[in-house]
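*Asks:*
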Amino acid sequence: MATNPGINISIDRGGTFCDVLVQVTGRDDLVFKLLSEDPQNYRDAPTEAIRRALEIIEGRQIPVGEQLDGSQIASCRIGTTIATNALLEGKGREFAFVTTKGFKDVCVIDDQTRPKLFALNVRKPPALYAISAEIDERITIEDYDLNPFPLDKTAEITDPALVRTPSGEVIRILKALDPVEVREVLSGLQSAGYTSLVISFVHSYLYPSHEEQVAQIAQDMGFETVIKASDVSPVIKFLQRSTSASSEAYLYPIVKDYVTAFQAGFSVLPQRVEFMGSDGGLRQAGKFRGNEALLSGPAGGVVGIARTCFDAAEGTPVLGFDMGGTSTDVCRYDGKYDYLTETTVAGRKITAPMLNIATVAAGGGSMLFARHGLFVVGPESAGAHPGPVCYRKGGPLTVTDANLFLGRLVRSSFPAIFGPNADQHLDLDITKQKFHDITREINEQTGQTLSAEEVVFGFLDVANETMTRPMRNATEVRGFAPSSHTLVSFGGAGGQHACSIANKLGITRILIHKHSSLLSAVGISQADLQVENTVPFVGFFDFEVLDDIRVQINKLKSQVESSLVSQGADPSTVVFEESLSLRYAGTDTNIVIPKPEGEDYGASFIATHLREFAFVLERKIHIDSIKVRGVGRSGVPTETASPYAILEEVKSRKEYLQSDQTQPVFFETKWRDVPIFELGSFKRTGQVQGPALLIDATQTIFVEPGFDAYFLPNHLVLEKSQTGTSNTEISHYSETVDPIQLSILSHRFMAIAEQMGHTLQRTSISTSIKERLDFSCAIFSREGKLVANAPHIPIHLGSMQYAIQYQHRLWEGKLKAGDVLLSNHPECGGTHLPDLTIITPVFVDGESTVAFYVAARGHHTDIGGQGITSMMPDSRELWQEGFNVRSMKIVDNGVFLENDVRNAFLAAGDLPGCSPTRRLDDNISDIKAQISANQRGILLLQKMCAEFSFAFVHRYMNAIQMSSETAVREYLKNISRTRTMPLTASDHFDDGTVLKVSISIDESGGAVFDFGGTGPQMWGNYNCPISITHSAVIYSIRCLLDADIPLNDGCLSPIDIRIPKGSILRPSASVAICGSTLASQRVIDTILRAFECCAAFSGCANSFGWGMGGRNSATGIIKPGWNYGETVGGGCGAGPSWHGEHAIQAHSTNTKITDAEVVEKRTPVIIRRHAINPNTGGDGKYKGGNGAVREIEARIPLKFSILSDRRVFSPYGMSGGQPGSVGRNYAFKWNDDKTALERLSLTGKAALALQAGEMMQINSPGGGGWGTTE
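full-length UniProt numbering puts the first residue of the sequence shown at 1, with every later residue one more than the last.
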């Protein structure tokens, strides 16, 4: 046997294929692929890959299944999907979850939002644990961020219940751990058969002692796996820490077993066995953990583009475009890796260091549909089985089929592995037949006479538009121009789309590595060992705290270096990256700042904040944590020469390569014979002019017209030529609406609205907007009609256009570029006063006429008034509810009129019994964030008009609205054929006010929603401005359609909404309306009841708040203070085939619940309990979801309020199902001698003062059941 001590094998085991790179000293690289799953032929793909590699290298046959001699393998590195697959498929290891008393359902409730906004059958990922148990222990933070008189945390501690933690925070032990109780709880779990345990206690990131004590007891009792949440994620946010620890417990045994089984495949192990982590660093096999494996393969791709395609001297940042079979991954690299500390995988939030990789559900296997005249790509995928039509397994039409049909794939380059006997080539005939079928379908829908080629090309264009959206979000939203990047294409399908993607983004250079179809394996081959450790730190940044920071950093460095060396890192190669996680005081936006020159982290934070968010604040900078990342090499690094110097040399030679092979390819409206070039091993250099097809054994690259391809030793460079034209160019002058461009522009409008939303979330500072996501952003026509509304908060969907239309009529002809308006009045299109709408006109091409409007609506928790929050329960008239404005110019010709805005807010406190807003600076900052979001929309709309022309964009804007109208009409037509008209229903508010609707639908799909018979406006605050009902109708219709149609004015065009004047749904201008967004739930309940589609959801957002300060009603003196508000989810209604989900937001709201630790850090309360309330869902064949119970204790005297409904009238059941339970509100107040708490029942709308130790308890309603029980 030959001796080959220089064998290095790198493997990326993906979802479909296992990519293999074998590097042997003195030989050419060996690359190949095999199926990731092929149980008939081998047990494990990486082991089989190594067997095949050794056969080739050693020149002998090695039987499958024989243990391998790895002694000649210097390094074996693997990226694997084993953890991701286990999470997606629910095949992790069973474990028990032990937590603080009152929080056993924390992972079930999650953040209480619905994953799919318009799904009546609400489904969210189940908790990973098999059982949960509670232990009566509790700590909390002694001080709170909003304290007007902060605690001196350096003062001597005399109270034995207080502890100063290493981070500098002072915590209070409310209930010490009882070891006897712990053993009882753990014994019960052991008796039930559990051997794996997660321990997650509230605030353990600051004080892990209780978790450590329980862990020691569990280990002494013989539990096999014990995971402490404070070890997994030692940072604030109890939910994320709990879910992260749970995923670690769920996945680690699977990962550990896989590593053990893999190593068992060797008689002699390779000299080094390492696995790729989600953060782009390697882990020695024995150190590889569960969460570290979640982005193992994709992380290799990021390292691959960084090491092989980025030139630090040349400096152009790169955008990674990894297109696979089911999805596309996008990343960015500019010389530094972009890390996330929190990401979502398989619907679950994981807090762990991971590279920033965005995934969009569009890949080669994405399915193609024709819906209502629009071209739809994905998100459904054909997967590996049955796969695309051309795979001969009866699969659906996909993007891969489209590329095959248009000649962008070379059939002969694919192995004959298809069909029932796996011996046939790709099937072009059936692909053609299916595309001719869908062409007829599209032409019938649109009245067009498109050819099959035009239709297929259209699908590819829409797919490309879909894939550019995450790329725009990775760049534009963060202040980077996409056009200033080089596009790095990799993955098996990327080469067919790279030129089109570059054209759409304005990118002129594409870089493709010679091993691009397995670049993740290349990245794994060049990765280093990596370890990151974090500790919390509490304090404000200034140079005086640097000594304390350095002490912590040195401790972390020692820990990190020890870990790296233990994994085989050469100590001389270890380098450290030191960083602080910083935020402005009073905000929740953390930025990780690497150690700058001079250690002035504060200045670096301010500069980074300005670049990322376009503003700075005059506030102290808070330190939340200290991080040290260590990187060390375990082998000799592989250096890749820069392609750019070689590129200039190849260009200068002007050596054009020739080919005698051609294939017909369709582009630019016709078929052309296109030359085919074999990529070979990149040994030759030269130039090819597009169009051309470049192929090798693993990929096909389509060089579009207008691009030149340059063959370099290790790269292929595609550059936009000066004279080339894009195959996506279109005629701007045709009056005919092209359904392809209609689909493209629909995506573009929605992408702009989404980017506005991203900008608002990033630049806002309030918990309400940034954390709870209580906002919406939208685009409107010059007449104020809705064009695109990103799916944020449903109650804003149809209502915002009424605000725009009011301002348009008021200001028509008077606005100029740089003007911005504010409005929140219900008679002017507002929903309720806390929802401030910021409206900006858009001008195009220097015209003086408004071309569009953009608007951002955000919920402000405090706008003054008589209540402790803006959702006061006992208002009777509008003026009591705080700041209200019909129309106000807040920016004039680009100048922010801050004094005018401040004075308007303060004026709300001049009315009897009213206070001005307690946190005016927060209001101002959020308004500026809303203005910034609008500005982002303006820039993108102007850019789109420059690309297509305003006339073209405007015409297609109208066509998009018509498309939505068509979809709604078709749905309503079907209802009219199957149901007897009219559809009627009624329901009640808790005060007895009736709400009625009668729906009549004609044969044309037109409908009348008549709310005649609805009760009169009330002497209370559940009155609904007319815009609320329009929002309720558009939301209900979208839910009933259950199809992804553009949400715009067209959805309401077929519908005539009739509301009696003076009713609760069309009140006068002076009545109170702050509860209108909650009341909208009943409007939706009534509409859906008429359609008999599902049982009632909980029907209430349970608006709950507390605070202090404001105007003293007795003395008139204004005291400093603050307030805080949240909403509490309830049960979902059951349906004809599903049970209702528990403790989740209903219908017109979808705001997050703020994490318990964040609430207690910001305000002086203790969240004693947040749990699912059992048996509150209605009974039936399918049971309604249970409501929630939330208990909050005051630590100092505070004012509390609750605004709620469904406390009298139950959420209805359907088709014989039982109603859900009504909600209940209680206060627990001290008895006369303060020895015990007494329970008091509250109404649905109540405000009261609580003393320290007193509590409020909110029990949200359950959902109705469906069908009779058998």
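Just so you know, even glycine gets a beta-carbon here, dropped at the ideal spot from N, CA and C.
(1) Cβ atoms of asparagine 473 and glutamate 274: under 9 angstroms apart, would you say?
(2) For arginine 1162, which residues in the same chain have their Cβ closer than 8 angstroms to its Cβ, ignoring the five residues on either side in sequence?
(3) Could you give the DSSP three-state label for methionine 1214: helix, strand or coil?
(4) Is the segment 699-708 in contact with the segment 404-424, if contact means three or more CB pairs nearer than 8 angstroms?
(5) Taking the alpha carbon of glycine 1184 as the point to measure from, which residue in Val1208, Arg1169 and Pro1219 has its own alpha carbon closest?
(6) Just how far apart, CA to CA, sit glycine 6 and leucine 745?
(7) May I have the straight-line CA-CA distance separating lysine 620 from proline 536, to the nearest angstrom?
(8) Going by DSSP, name the residue or residues bridged to glutamine 935.
(9) For the beta strand (DSSP E) holding isoleucine 701, just list the boundary residues, first then last.
(10) Does at least one heavy atom of the ligand ZN sit under 8 angstroms from the Cβ of glutamine 866?
(11) So, using beta-carbon positions, are isoleucine 1144 and glycine 1129 closer together than 9 angstroms?
(12) Report buried or exposed for serine 525, applying the criterion of at least 16 other Cβ atoms within 10 angstroms of its Cβ.
(13) How about lysine 965 and glycine 1050: do their beta carbons lie closer than 9 angstroms?
(14) Where does lysine 651 fall in DSSP's three states?
(15) What span of residues does the alpha helix (DSSP H) with asparagine 974 cover, start to end?
(16) What residues in its chain sit with their C-beta under 6 angstroms from that of threonine 3, if we drop five residues either side in the sequence?
(17) Using the DSSP secondary-structure output, state which residues sit across from tyrosine 1226 in a beta bridge.
(18) Check whether the segment 88-107 touches the segment 55-75, taking contact to mean three or more Cβ pairs, one atom from each stretch, closer than 8 angstroms.
(19) May I have the straight-line CA-CA distance separating glycine 953 from alanine 1079, to the nearest angstrom?
(20) Pairing CB atoms from the segment 1065-1075 with CB atoms from the segment 1011-1024, are three or more of them under 8 angstroms?
(21) For leucine 833, which residues of its own chain have a beta-carbon under 7 angstroms away from its beta-carbon, when the five flanking residues on both sides are left out?
(22) Are there 16 or more other CB atoms within 10 angstroms of the CB of valine 574, so buried, or fewer, so exposed?
(23) For threonine 723, count neighbouring C-beta atoms within 10 Å of its own C-beta (all shown protein chains included) and say buried if the count is 16 or more, exposed if not.
(24) Exposed or buried, which one is glycine 1178 when buried takes at least 16 other CB atoms within 10 Å?
(25) Could you spell out the range, first to last residue, of the beta strand (DSSP E) harbouring tyrosine 584?
(26) Leaving out five residues on either side along the sequence, give the residues of the same chain with a beta carbon under 6 angstroms from the beta carbon of arginine 469.
(27) In terms of alpha-carbon separation, which member of Asn291, Ala856 and Leu617 lies closest to isoleucine 606?
(28) Short of 7 angstroms in beta carbon distance, which residues of its chain neighbour isoleucine 676, apart from the five on each side in sequence? Order them along the chain.
(29) Considering Cα atoms alone, identify which of Pro739, Ala959, Gly598 and Met354 is closest to threonine 446.
(30) For tyrosine 601, write down the residues that DSSP places opposite it in a beta bridge.
(31) DSSP state of glycine 363, grouped into three classes?
(32) Report the three-state DSSP secondary structure of glycine 1264 (helix, strand or coil).
(33) Asparagine 923 CB to nearest chain C CB: under 9 angstroms?
(34) Among all the DSSP beta bridges, which residues are the ones paired with methionine 276?
(35) How close, in whole Å, do the beta carbons of proline 794 and serine 1148 come, if the pair is a contact with beta carbons under 8 angstroms?
(36) Give the DSSP bridge partners of tyrosine 250, in chain order.
*Replies:* The answer reads as follows:
(1) No, Cβ-Cβ distance for glutamate 274 and asparagine 473 is not below 9 angstroms.
(2) Result list for arginine 1162: Tyr144, Asp145, Leu146, Thr767 and Tyr1124, in chain order.
(3) Taken through DSSP and simplified to helix, strand or coil, methionine 1214 comes out as strand.
(4) Counting Cβ pairs under 8 angstroms, three or more are found: they touch.
(5) Ranking the options by Cα distance to glycine 1184, first place goes to Pro1219.
(6) Separation of glycine 6 and leucine 745 (C-alpha to C-alpha, rounded to the nearest whole angstrom) is 54 angstroms.
(7) If I take the Cα positions, the gap works out to 18 angstroms.
(8) According to DSSP, which records beta bridges pairwise, glutamine 935 is partnered with nothing at all.
(9) Secondary structure note for isoleucine 701: its beta strand (DSSP E) is the uninterrupted segment 700-703.
(10) The ligand ZN is absent from the structure shown, which contains no ligand whatsoever.
(11) Yes.
(12) By the neighbour-count rule (16 or more Cβ atoms within 10 Å), serine 525 is buried.
(13) Note on identity: in this sequence residue 965 is glutamate, with lysine being the wrong assignment. In this structure, glycine 1050 lies closer than 9 angstroms to glutamate 965 by Cβ.
(14) Here lysine 651 sits in helix by DSSP.
(15) Boundaries of the alpha helix (DSSP H) around asparagine 974: 950-978.
(16) Confidence is the limiting factor: at threonine 3 the pLDDT is only 47, short of 50, which leaves the residue's position unreliable and the question unanswerable from this model.
(17) Beta-bridge pairing links tyrosine 1226 to Ser1241 and Gln1257.
(18) Because the criterion of three Cβ pairs below 8 angstroms is not met, the segment 88-107 and the segment 55-75 do not touch.
(19) Just to set this straight, residue 953 is valine in the shown sequence, not glycine. Going from the Cα of valine 953 to the Cα of alanine 1079 covers about 37 angstroms.
(20) Per the Cβ contact rule, the segment 1065-1075 is in contact with the segment 1011-1024 (3 or more Cβ pairs under 8 angstroms).
(21) Closer than 7 angstroms at the Cβ level, and outside the excluded window around leucine 833, lie Asn824, Ile863, Ser870, Glu881, Gly882, Phe883, Asn884 and Cys1074.
(22) Residue burial is scored here from C-beta neighbours: valine 574 has at least 16 other C-beta atoms within 10 angstroms and is therefore classed as buried.
(23) Unreliable positioning characterises threonine 723 in this predicted model, as indicated by a pLDDT of 49, which lies under 50. A coordinate reading is not provided.
(24) Buried is the call here.
(25) For tyrosine 584, the enclosing beta strand (DSSP E) starts and ends at 575-584.
(26) Answer for arginine 469: Ala751, listed in chain order.
(27) Of Asn291, Ala856 and Leu617, the residue nearest in Cα terms is Leu617.
(28) Val410, Ser659, Gln661, Thr662, Gln663, Leu693 and Ile695, listed in sequence order.
(29) Among Pro739, Ala959, Gly598 and Met354, the Cα nearest to that of threonine 446 belongs to Pro739.
(30) Beta-bridge partners of tyrosine 601 (DSSP): none assigned.
(31) Coil, per DSSP.
(32) Glycine 1264: coil per DSSP, three-state reduction.
(33) Among the chains of the structure shown, chain C does not appear; only one protein chain is present.
(34) In the DSSP assignment, methionine 276 is bridged to Leu282.
(35) Proline 794 to serine 1148, Cβ: 5 angstroms. Contact.
(36) Note: tyrosine 250 sits in no beta bridge, so no partner.
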